[in-house]
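**Q**
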Amino acid sequence: MENKFKGKNYLQIDNNRIAAEWEPVKGVMFVWPPVISKELIIEFAKDTHIYLYVDGQEGEIEAKEWFKKWELDHQNITFINLKTNWEVTPRDWGPSAVFTNKGEVKITDGQYKYGSPSTDMVCNDSLEFHINSSTGKIYKSIHVDTAIVTIGNKIGLEVIDVPFANTGGNVLTDGLGTAFSTCALLTENRYNGVSNNEFFRLNDSILGLSTYHIISNFDEMGIQHIDCLLKLIDEETILVAEPPVDHKLYKIYDNIVKNELSNLKTVYNRPYTIHRIKTGVYYEDEEAAYLSAYTNSIILNKNVYVPLFGIKEDSLALKTWKSIMPGYTIKGFDYVLEDQPIKSKYHFEGFDELGVKTGWLYEDAIHCRTKAIWDENKILISVKKVLPEINVNQEAILYATIIDYGKEGLSTKEVFLNWRIKGQTNWNRITMDMDNNPNHWKAKFIEGSEGMEIEYYIEVKANTGETQTRPITAPKGYYEFKYVAQQSI
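Right under this line is the structure:
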């Protein structure tokens, strides 16, 4: 199905759209008692607002007692009374933000009946469910499958019913009508009576996901959630895990990169830029050598929170994140269970007996256990970046699609392209031109000479006074390209 947002230089955003992870957010949600480290909770409290799921008044009182010990400000925390029990991964069952074609913001309520079943690499109808130890029957998610209305009421957002499974850890989107999942999600939906064709049709009509990339399963047996395989960094960039060469999954991952991801096109009809992040083995048993899940990080505004596993590959992972996310603050977090003063009783049974020291898992880390609450009044900026190399005889033109969800409109004289020659300190400023549509803007760079490297970013101001840049970390972070000599024929 053709992406309805696509255009040669601009995007036609006339449908609903699911927000991308790098868009501006108001805060982060997770459950209490926590399945994330004390250190990560404290850092979240410094950086953003916390939306905390607690089991009634008793749970709220307990959380407040710990936050007082950690000297956290209760005013920066919204408590949501929601019993979750075993369902400690709000990434999977929690709401996503839908920005409608009318400029409204709503949240999704997808089906989450049986938790996240496991399957093998073969994309067939094989599923392995969690079994309720007390009944011997398939475990059913009776609490969180009905939780979204409670959340919507608390945060003041209308709920959209999504009549299929769109398990969050297995759905990554560019915010512009494109989604990525492994074929495990199709298997799960077929089990629930939703055919492949119906799944794609509903995603298009309800969520605006008109381009849906189904990627092969990548683990011999597991939940196959795509957020443990790869990460969308922006509209045109993918970060993919790379196992050690001698690991049995190395060729599987490599084949997915070479024969699947490399063939895909972005919303701007260009190949994706693909980066790799090396993983390592953090635990080994008779069944498998389990890999560190560095792609299972979360991006919140100008910060990236990365799980660390206490292995030598941790430091390289942080360096990789820093290299591909210029301007972002990259923060790594160990999760040594024996050092944690408080943790959920539901998630770590048997770890001591097995000798597992870390609370992060190969298919379940920071991204799985958290989820953002998006900013409903933000400015959306999507940039068709200038190609990395431009012929000196060609014009370098920047195109941007910009939407103000604050409803006051853009200050049309304050949409800027800021640029400088690499090595210079001060930024030059060009006022961008509206291109026959209030959401479409362009600007032309100066003519360059061979070898000249240009750094740039976009800055936009709305009539509300709100200012937004792209990259969001600008001017600390920026895009760049280089003028090169014309190649002779």
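Just so we're aligned, residue 538 is where the sequence shown starts under our numbering, counting upward by one.
For each residue, glycine too, the CB sits at the ideal point set by N, CA and C.
Keep in mind that this is a model prediction, so the values were computed, not measured.
Looking at the unbroken beta strand (DSSP E) that takes in alanine 980, where does it start and where does it end?
**A** For the purposes of this step, residue 980 is taken as residue 443 along the sequence shown, with counting starting at 1. It spans 977-981 - the beta strand (DSSP E) in which alanine 980 sits, taken as one unbroken run.
**Q** Which residue's Cα is closest to the Cα of leucine 744: Ser633, Ile861, Val591, Ile934?
**A** The residue you call residue 744 lines up with position 207 of the sequence shown. The candidate whose alpha carbon is nearest that of leucine 744 is Ser633.
**Q** Residues in the same chain with beta-carbon distance under 6 Å from leucine 577, minus the five sequence neighbours each way, listed in chain order, please.
**A** Position 40 of the sequence shown, counted from the start, is the residue given in the question as residue 577. Excluding positions up to five away in sequence, the list reads Phe870.
**Q** Can you give the Cα-Cα distance for asparagine 963 and arginine 813, rounded to whole angstroms?
**A** Working through the sequence shown from its first residue, we reach residue 963 at position 426. Working through the sequence shown from its first residue, we reach residue 813 at position 276. Answer to the nearest angstrom: the Cα atoms are 33 Å apart.
**Q** Could you tell me whether the Cβ atoms of valine 681 and glutamate 624 are closer together than 8 Å?
**A** Position 144 of the sequence shown, counted from the first residue, corresponds to residue 681. Position 87 of the sequence shown, counted from the first residue, corresponds to residue 624. Yes. Within cutoff.
**Q** Which stretch, first to last residue, makes up the beta strand (DSSP E) that contains glutamate 821?
**A** Sequence index remark: in the sequence shown, residue 821 carries index 284 (1-based). Counting along the chain, the beta strand (DSSP E) containing glutamate 821 begins and ends at 818-821.
**Q** Quick check on this structure: which residue in Arg628, Glu641, Glu772 has the alpha carbon closest to the alpha carbon of aspartate 912?
**A** The residue given as residue 912 occupies position 375 in the sequence shown. Answer by Cα proximity: Glu641.
**Q** Look up tyrosine 994 in the DSSP assignment and say whether it is helix, strand or coil.
**A** The count along the sequence shown starts at 1 and reaches residue 994 at position 457. Strand, per DSSP.
**Q** Is it right to say glutamate 996 is buried, meaning 16 or more other beta carbons lie within 10 angstroms of its own, or is it exposed?
**A** By 1-based counting over the sequence shown, the position of residue 996 is 459. The residue is buried, with at least 16 neighbouring Cβ atoms inside 10 Å.
**Q** Tell me the rounded alpha-carbon separation between glycine 943 and asparagine 974.
**A** Here residue 943 is taken as the residue at index 406 of the sequence shown, counted from 1. Here residue 974 is taken as the residue at index 437 of the sequence shown, counted from 1. Roughly 18 Å between the two C-alpha positions.
**Q** Look at glutamate 984 and isoleucine 958 and say whether their C-beta atoms are less than 8 Å apart.
**A** Reading the sequence shown from its first residue, position 447 is the one you call residue 984. Reading the sequence shown from its first residue, position 421 is the one you call residue 958. Against a cut-off of 8 Å, the Cβ pair of isoleucine 958 and glutamate 984 comes out as no contact.
**Q** Who are the Cβ neighbours of histidine 586 in its own chain at under 8 Å, not counting the five residues just before and after it?
**A** By one-based count along the sequence shown, residue 586 stands at place 49. Result list for histidine 586: Lys563, Gly564, Val565, Asn613, Ile614, Thr615, Ile910, in chain order.
**Q** Quick one: any contact between the stretch 866-884 and the stretch 802-822, if contact means 3 or more CB pairs under 8 Å?
**A** No, the stretch 866-884 is not in contact with the stretch 802-822.
**Q** What residues are listed by DSSP as bridge partners for threonine 866?
**A** Here the question's residue 866 lines up with position 329 in the sequence shown. Asn840, per the DSSP bridge assignment.
**Q** Is it the case that the Cβ atoms of glycine 652 and histidine 904 are separated by a distance below 8 Å?
**A** Position 115 of the sequence shown, counted from the first residue, corresponds to residue 652. Position 367 of the sequence shown, counted from the first residue, corresponds to residue 904. Contact: no.
**Q** Let's see if you can read the secondary structure: which residues bound the beta strand (DSSP E) around tryptophan 911?
**A** Position 374 of the sequence shown holds residue 911. Looking at the DSSP string, the run of the beta strand (DSSP E) that includes tryptophan 911 is 908-911.
**Q** Only counting the same chain, and skipping five residues up and downstream in sequence, which positions put a Cβ closer than 7 Å to that of phenylalanine 581?
**A** Sequence index remark: in the sequence shown, residue 581 carries index 44 (1-based). Only Val565, Ile587 meet the Cβ criterion.
**Q** On the DSSP bridge list, what partners appear for serine 919?
**A** Position 382 of the sequence shown, counting from 1, holds the residue named residue 919. Bridge partners of serine 919: Thr938.
**Q** Spell out the partners DSSP gives leucine 767 in its beta bridges.
**A** Against the sequence shown, residue 767 aligns to sequence position 230. Its beta-bridge partners are Val777.
**Q** Suppose you measure from the CA of alanine 937 to the CA of tyrosine 865; what does that come to, to the nearest Å?
**A** Residue mapping note: residue 937 aligns to position 400 of the sequence shown, counting from 1. Residue mapping note: residue 865 aligns to position 328 of the sequence shown, counting from 1. Going from the Cα of alanine 937 to the Cα of tyrosine 865 covers about 21 Å.
**Q** Between the stretch 691-704 and the stretch 642-649, can you find at least three pairs of beta-carbon atoms closer than 8 Å?
**A** A contact exists between the stretch 642-649 and the stretch 691-704.
**Q** Between which two residues does the beta strand (DSSP E) harbouring lysine 646 extend?
**A** Position 109 of the sequence shown holds residue 646. A small fix is needed here, since residue 646 is aspartate in this sequence, not lysine. It spans 642-646 - the beta strand (DSSP E) in which aspartate 646 sits, taken as one unbroken run.
**Q** What does a CB cutoff of less than 8 Å around arginine 906 pick up in its chain, not counting 5 residues either side in sequence?
**A** Working through the sequence shown from its first residue, we reach residue 906 at position 369. Taken in chain order, the residues that qualify are Phe567, Val568, Val572, Ile573, Val625, Thr626, Pro627, Arg628.
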